[in-house]
Amino acid sequence: MQDHGVTLSLTQIAPEPARAFYLNRGFSIADAGIYADACVYMTVLRNDSAPGEVNFRVADWRVESMGQIQPPRLLEDWMALWGQRGVSEPSRIAFRWAQFPPEQEYSPGEWNQGMLAIGLSADTRFTLIARWQVAGKDYEGRLENVRCAR
Amino acid sequence: MFAARANSARQLLGAALMSCSVGLTAPARSAETPPLTHGLTPLPNPSAAPALALPDLDGKIHDLTALKGKPVVVNFWATWCPPCRREMPSLERLRQTLGSRGLEVLAVDVGEDADTVFAFTGQLEPAPNYPLLLDRDSAAMQRWKVKGLPTTFVVDAQGIIVFRAVGGREFDHAAIVEQLTRLLPPQ
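Protein chains in written order, with the numbering used here: chain A, 1 to 150; chain F, 151 to 337.
This is the structure we're talking about:
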């Protein structure tokens with residue numbers, strides 16, 4: 001999606017490589033599986049030529065699927081879950097910094113690439129609605145009919 | 151407003167890309183790879199750099215305050231971060247270009263151990279010849295208010311952060327070299 005000078009892309013990370021990534025960083029098979037099966041995407045958001053600094057919070061984004069609307073699975077929820085499940089601090093640090101930032105500001109040319117779990121099951125189709133602000137003005141972009149493959 | 155469709159082929163390509171990226175093999179490149187940016191963001195309200203004193207791979211402490219009087223590029227990164235991996239050789243080429251004029255480079259790895267960082271950087275060409283510091287508990291990243299990797303700051307000779315770069319950069323691009331040259335004493 002390229003809109004209003006902003007580019008957003010989702011590239012699915014299949015469950016097996018997602019699981020392997022977190023197993024390599026100290027997660028248990030069960031914990032890595034919880035994340036890997038939550039429909040994970042390598043997410044890139046970039047301010048190519050917006051008329052100012054882009055500000056966003058992932059908590060403002062929405063996932064539409066089968067008549068339901070919800071935000072993507074939020075980083076703070078994952079961190080709380082890992083705390084409850086006793087995931088080690090080094091593993092939680094690796095997890096935190098591998099995720100797409102929960103909030104960020106991008107001047108023109110700035111961007112991030114990180115993992116974002118949509119929170120749907122495999123074979124589900126969804127629309128991601130991304131929202132951001134530039135100079136106090138609200139913008140929205142949609143990635144439609146995205147399929148979460150197995 | 152318009153919508154884009156993510157098709158199956160793209161998703162398969164993405165899976166392959168990440169198989170490379172998460173496996174710590176050679177840096178992955180494809181049409182999906184975002185371009186590295188060719189500029190630094192000047193900060194409208196420059197502020198003093200937070201404290202930074204961390205061990206390198208040999209355990210030697212490097213303190214940013216000891217570099218006062220020289221501009222310093224402070225790069226926050228991790229070995230598993232694809233754009234960090236792509237930009238790292240250009241950081242060394244930048245050091246080779248401007249290091250003799252006084253520019254210093256510090257790279258701060260988050261959350262990994264010395265063996266992991268050493269194994270990765272040994273694959274790079276050119277290999278980094280600047281200090282690789284270890285921020286094992288990510289306390290420095292939080293002090294510097296880093297929100298995502300890679301993030302780079304440029305601290306001027308007075309210890310003030312004057313540029314920021316969120317996302318991967320081609321640090322030896324002429325535009326960035328020109329921005330940094332302005333921080334150096336005239337030749």
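Ideal placement from N, C-alpha and C gives every residue a C-beta, glycine not left out. Please read these numbers as outputs of a predicted model, since none were measured by experiment.
Own chain, CB closer than 7 Å to residue i, minus 5 neighbours either side, in chain order
i, result
"Gly173 of chain F", "The predicted position of Gly173 of chain F is uncertain, since its pLDDT is 29 and thus under 50; a value taken from the coordinates is nonetheless stated next. Nothing meets the Cβ criterion."
"Gly26 of chain A", "Ser88, Pro90 and Ser91"
"Leu131 of chain F", "Outside the shown range of chain F (151 to 337) lies residue 131 of chain F, about which nothing can therefore be said."
"Asp50 of chain A", "Sequence inspection shows Ala at residue 50 of chain A; the Asp mentioned does not correspond to that position. Taken in chain order, the residues that qualify are His4, Gly5, Val6, Pro108 and Val134."
"Glu144 of chain A", "Thr127"
"Glu110 of chain A", "Asn47"
Nonlocal neighbours in the same chain, by C-beta distance under 8 Å from residue i, ignoring five residues either side
i, result
"Leu248 of chain F", "Val327, Leu330, Thr331 and Leu334"
"Lys137 of chain A", "none"
"Lys218 of chain F", "Ala307, Gln308 and Gly309"
"Trp61 of chain A", "Pro71, Pro72, Leu128, Ile129, Ala130 and Arg131"
"Gly83 of chain A", "Arg92"
C-beta atoms of residue i and residue j nearer than 8 Å
i, j, result
"Ala122 of chain A", "Cys148 of chain A", "yes"
"Met1 of chain A", "Met115 of chain A", "no"
"Arg57 of chain A", "Pro102 of chain A", "yes"
"Ser288 of chain F", "Trp78 of chain A", "no"
"Glu254 of chain F", "Pro278 of chain F", "no"
"Leu284 of chain F", "Ala257 of chain F", "no"
"Val296 of chain F", "Pro221 of chain F", "no"
"Cys231 of chain F", "Pro185 of chain F", "no"
"Phe126 of chain A", "Val63 of chain A", "yes"
"Gly298 of chain F", "Gln12 of chain A", "no"
"Leu207 of chain F", "Phe270 of chain F", "no"
"Ala201 of chain F", "Arg293 of chain F", "yes"
"Gly261 of chain F", "Ala94 of chain A", "yes"
"Ala30 of chain A", "Leu23 of chain A", "no"
"Leu214 of chain F", "Phe321 of chain F", "no"
"Pro340 of chain F", "Ile311 of chain F", "Only positions 151 to 337 of chain F appear in this structure, which leaves residue 340 of chain F out of reach."
"Pro192 of chain F", "Phe313 of chain F", "yes"
"Gly318 of chain F", "Thr187 of chain F", "yes"
"Asp263 of chain F", "Trp227 of chain F", "no"
"Leu75 of chain A", "Gln99 of chain A", "yes"
Per-residue contacts from residue i into chain A (C-beta, under 8 Å)
i, result
"Leu244 of chain F", "Those do not exist, as Leu244 of chain F stays about 17 Å from chain A at its closest Cβ, beyond 8 Å."
"Ser288 of chain F", "Ile93, Arg96 and Trp97"
"Thr266 of chain F", "Per Cβ cutoff of 8 Å: no residues; Thr266 of chain F is ~10 Å from chain A at best."
Chain-order list of residues whose beta-carbon lies under 6 Å from that of residue i (same chain, five-residue window excluded)
i, result
"Thr124 of chain A", "Ser65 and Cys148"
"Ala18 of chain A", "Ala36 and Val40"
"Asp48 of chain A", "Gly5 and Thr7"
"Ala315 of chain F", "Leu190 and Thr302"
"Gly52 of chain A", "Val134 and Ala135"
"Pro205 of chain F", "Ile211 and Leu284"
"Gly169 of chain A", "Summary: the structure shown does not reach residue 169 of chain A, with chain A confined to residues 1 through 150, and so no result is reported for it."
"Gly252 of chain F", "Lys220 and Leu334"
Partner residues on chain F for residue i, Cβ-Cβ distance less than 7 Å
i, result
"Gly67 of chain A", "Per Cβ cutoff of 7 Å: no residues; Gly67 of chain A is ~18 Å from chain F at best."
"Gly26 of chain A", "Residues of chain F passing the Cβ test: none, with the nearest at roughly 10 Å."
"Asn112 of chain A", "Gly298, Val316 and Gly317"
"Val44 of chain A", "Pro184"
"Ser107 of chain A", "Thr191"
"Pro101 of chain A", "Lys297 and Gly298"
Within chain A, partners of residue i - CB distance below 7 Å
i, result
"Ala228 of chain F", "Trp97"
"Pro232 of chain F", "Gln113"
Under 9 Å by beta carbon: chain A residues contacting residue i
i, result
"Val327 of chain F", "Per Cβ cutoff of 9 Å: no residues; Val327 of chain F is ~16 Å from chain A at best."
"Thr271 of chain F", "The premise fails here: Thr271 of chain F is roughly 18 Å from chain A at the closest Cβ pair, so nothing lies under 9 Å."
"Thr302 of chain F", "Near Thr302 of chain F there are no residues of chain A at all, since even the closest Cβ is about 11 Å away, more than 9 Å."
Under 8 Å by beta carbon: chain F residues contacting residue i
i, result
"Pro90 of chain A", "Gly261 and Arg286"
Within chain F, partners of residue i - CB distance below 9 Å
i, result
"Glu76 of chain A", "Chain F residues near Glu76 of chain A: none, gap ~14 Å exceeds 9 Å."
Residue ranges of each beta strand (DSSP E) run of no fewer than 3 residues wholly in the stretch 250-287 of chain F, ordered along the chain?
254-260 and 282-285
Length at least 3, wholly inside the stretch 187-261 of chain F: the beta strand (DSSP E) runs in chain order
191-198, 203-205, 211-213, 222-227 and 254-260
So within the stretch 29-74 of chain A, which uninterrupted alpha helix (DSSP H) runs reach at least 4 residues, ignoring any that extend past its ends?
29-36
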